[in-house]
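Here's the structure, in structure tokens; my notes come after.
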Amino acid sequence: MTPRELVDAVYAKAAEQGVPAPQRPSRRDTFKIGNPDAQITGIATTGMTTFDVFKRAVAKGINLLIPHEGTWFSDYDNTDFLEGDAIYQAKRAYAEEHGLIVWRNHDMAHRIRPDQMFAGQLRLLGWTADPLEAGAVPRMPVVTLPEPMTLEALSRYVVARTGTHSHRITGDPGMLVRRVAVGVGYAFPNFFAAPGIDVIVGGESAEGSDSTYPTFDLTAYGEDSTLLGRPRGMILLGHMGTEDIGMQVAAEWLRTFVSGFPIEYMPAGEPFGRPI
Amino acid sequence: MSDLSLTRRDFCIAGSAVAVLPSPAAAAAKSPPPRLSAAELVSRIDPAGAGAFVAGSGETEVTGVMVAISPSIATIRKAQAAGCNLIVSPETPFYGRQAPPPADPNAPGAAMAVRTLEALAADPTFAEKKRLIEEGKLVFYRVPDKTNRAVADALADRLGWRGYRAEGEAAIYTPRRATLRSVVKGVQTKLGAKGGLRTIGDPAMPLKRILIVPGTVDLVPTAKALRDADALICGDLREWELVEYIFDSVNGGSPKALIAIGRILTEQPYAEALAVQLRAAAPGLGVVMNRRADPYWRIQA
Chain S
1 MTPRELVDAV YAKAAEQGVP APQRPSRRDT FKIGNPDAQI TGIATTGMTT
51 FDVFKRAVAK GINLLIPHEG TWFSDYDNTD FLEGDAIYQA KRAYAEEHGL
101 IVWRNHDMAH RIRPDQMFAG QLRLLGWTAD PLEAGAVPRM PVVTLPEPMT
151 LEALSRYVVA RTGTHSHRIT GDPGMLVRRV AVGVGYAFPN FFAAPGIDVI
201 VGGESAEGSD STYPTFDLTA YGEDSTLLGR PRGMILLGHM GTEDIGMQVA
251 AEWLRTFVSG FPIEYMPAGE PFGRPI
Chain H
1 MSDLSLTRRD FCIAGSAVAV LPSPAAAAAK SPPPRLSAAE LVSRIDPAGA
51 GAFVAGSGET EVTGVMVAIS PSIATIRKAQ AAGCNLIVSP ETPFYGRQAP
101 PPADPNAPGA AMAVRTLEAL AADPTFAEKK RLIEEGKLVF YRVPDKTNRA
151 VADALADRLG WRGYRAEGEA AIYTPRRATL RSVVKGVQTK LGAKGGLRTI
201 GDPAMPLKRI LIVPGTVDLV PTAKALRDAD ALICGDLREW ELVEYIFDSV
251 NGGSPKALIA IGRILTEQPY AEALAVQLRA AAPGLGVVMN RRADPYWRIQ
301 A
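Protein chains in written order, with my numbering: chain S, 1 to 276; chain H, 1 to 301.
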């Protein structure tokens, strides 16, 4: 099987499962490097095709990488600004030398129902999303905790489940949390996603009031809300702390209709170092 | 409404400090404060008019100024208690640009933007903040932040790098004998970075040319400027873009370090410099600096 045939199979399987065809071709889900007509020796799915993931794939004889995020450092993998850039050139040369092929699966992973990225994160956290209230618009998952717990206790639980060391938390550690909104990557819900949200557990969120709606400065909002007696907080687990794991779900899904070579999940891991 | 009970949560203000800057001239002369409008005052520190009034009227006569990195409800209360009716900040009090949602209802995110704006309009926290600002006849002036090289220079000054700015457009500094570890220690002790601090790189790595981008990073100009630097100090940045680039830099043969400290801390020295400028611009007028601690904390894993 070739990467091009694999992509056709992905779209066919998604259509079979009732995922409507995109209105226009995805700007993200494209081949980033390599020959789409080569034979696949193995597939690794990952949150992000870092240079480190390239090296680990080569060491395992895998030639097709399927990341959720970009390879060339911008959302649409536009490489204009990287002309003459030594890091870009080295990464590109390494991929070419080792015959690596990269096909990004971002939009499709989010289009499949349930969304593979949220499915992975909820499984990692051990949570089930509350059912949508009648008439409510579709939203990111909202979870009512089995038992209320303090933000500090919730943080310990979430950090232990996800194993992140570069997480950031805002809010009163002693506040009581009953209902949580869950985000992944840069898909970060706000406190208005559903009634009664105390804490957002997500990946990354724009800081400051430069951000346009709906991602306004939630740190500032949470602080004001807390001061007025309605405590609110956030647990930011980082982009890879929330979207690596969804690519494990993507790998499991691929295995249900593709075979003949290894398909493995290769987490990129947190890019940030341990606290200094 | 119990949601609006005005409970003061100590943790919110524990890390903040109000410092009334010494005003020897005013103390000595006991002269009445100058009568001037908010617009007149800010024109003295921002003659190009790069900032904007985001609440209240520039015609309002200034009773006192608070400079605040985070124009929160706690800040507003402190300003009022200190007799200040003008708040100068690099942020707005309304959590985001007051941008209308996209005209095209089918544009990506348009429906969510509309719902968010509606929810915000009905939100008790937002309503209480608007009420405080309107009833208090408070004026908010938003100063430009990251486009202003003074912001990077103020941060560099705080880190002890005055006089070490390299030639060229980009805000690159060349302190002597710096390592990632020593710079991290500097942002911890001199800026109070705590849970918001995130780094990439070997702590022992020597840093010779350090690029400072306060606030939120713009990908393209920052990536270009970084080619000529070996470290980036910034506030906020997108983790699947420049973070990946810096993470890849070791394997790419040009190791670079990242010291991300969050938007608030990168803008703080600039706000303090602004307070000094305001004092010089209007001797006798009360100028209060409201410092803000790192809003983030972390669980020791």
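Where a beta carbon is used, it is the ideal one built from N, C-alpha and C, also for glycine.
Because the structure is a prediction, the values reported are computed rather than measured.
An exposed status is given to S/G196, since fewer than 16 other beta-carbon atoms sit within 10 Å of its beta-carbon. Residue-level contact by beta carbon fails for H/P108 and chain S, as no gap is shorter than 9 Å.
In this structure the region 102-120 of chain S does not lie against the region 266-278 of chain H, because fewer than three pairs of beta carbons, one per stretch, are closer than 8 Å. In terms of Cβ geometry, S/P67 and S/N35 do not form a close pair [threshold 9 Å].
Shown here for S/H167: same chain residues with a beta carbon closer than 7 Å to its own, the five before and five after excluded, namely V159, I235, L236, L237, G238 and G241 in chain order.
Scanning the region 42-76 of chain S from its first residue to its last, the whole beta strand (DSSP E) runs of 3-plus residues come out as 43-46 and 64-67. Taking the C-beta atoms as reference points, S/P271 is found no nearer than 9 Å to H/E241. Chain-order list of chain S residues neighbouring H/P175: empty, with the shortest C-beta distance near 17 Å, by a criterion of under 9 Å. Straight through space, the alpha carbons of H/L197 and H/A156 are spaced by roughly 17 Å. When H/P100, H/E91 and H/D228 are compared, the shortest CA-CA separation from H/R292 is found for H/E91.
Interface with chain S (9 Å Cβ-Cβ cutoff): H/F94 is included. When Cβ pairs closer than 8 Å are counted between the two stretches, the region 188-205 of chain S is seen to touch the region 221-236 of chain S, the count reaching three or more. In the three-state reduction of the DSSP assignment, H/P283 falls in the coil class, being assigned neither a helical nor a strand state. Closer than 9 Å to the CB of H/L191 there is not a single CB belonging to chain S. Counting only runs of at least 3 residues, the region 34-62 of chain H fully encloses the following beta strand (DSSP E) elements, listed from N- to C-terminal order: 52-55. Beyond the five residues adjoining it in sequence on each side, S/V10 comes within less than 8 Å, by CB distance, of N105, M108 and L254 in the same chain, given in chain order. Put simply, the CB of S/Y94 is near chain H, with a gap under 9 Å to one of its CB atoms. Under the 8 Å Cβ criterion, the region 138-146 of chain S does not count as touching the region 156-175 of chain H, having fewer than three qualifying pairs. For chain H, the residues of the region 123-139 of chain S that bring a beta carbon within less than 8 Å of one of its beta carbons are V137, in chain order. Beta-bridge annotation (DSSP): S/P22 is not paired with any residue. Short of 7 Å from the beta carbon of S/P173, and not among the five residues preceding or following it, lie these beta carbons of its own chain, in chain order: T150, L151 and E152.
At a C-beta separation below 7 Å, S/A90 has these neighbours in chain H: G252 and G253. Burial is judged here by how many other beta carbons sit within 10 angstroms of a residue's own beta carbon; S/E243 has at least 16 and is buried. Listed along chain H, no residue sits closer than 7 Å to S/E97 by beta-carbon distance, the nearest being about 13 Å off.
Under the rule that a run must span 4 or more residues, the alpha helix (DSSP H) segments found entirely inside the region 200-235 of chain S read 218-227.
In terms of beta-carbon proximity, S/R24 stays away from the interface with chain H, with every pair separated by 9 Å or more. In the DSSP annotation of this structure, S/W103 is not part of any alpha helix (DSSP H); the continuous beta strand (DSSP E) holding it starts and ends at I101 to W103. Using a Cβ-Cβ cut-off of 9 Å, S/M117 does not count as an interface residue toward chain H, since no Cβ of chain H sits closer than that to its own. Counting along the chain, the unbroken alpha helix (DSSP H) around H/T222 starts and ends at L219 to L226.
In the displayed model, S/G241 falls within a helix according to three-state DSSP. Near chain S, meaning a CB-to-CB distance below 9 Å, the residues of the region 201-215 of chain H are G201, D202, P203 and G215. With distances taken between CA atoms, H/N251 lies nearest to S/I87 out of S/G269, S/I87, S/T162 and S/P275. Taking a cut-off of 8 Å on C-beta distances, the region 128-138 of chain S does not touch the region 49-58 of chain S, as fewer than three cross pairs fall below it. The beta carbon of H/A225 does not come within 9 Å of any beta carbon belonging to chain S, so the residue lies off that interface. Ranked by how close their Cα comes to the Cα of S/A220, the residues S/E207, S/T212 and S/F31 have S/E207 in first place. Around the beta carbon of S/Y186, a 10 Å sphere encloses 16 or more other beta carbons of the protein chains shown; the residue is thus reported as buried.
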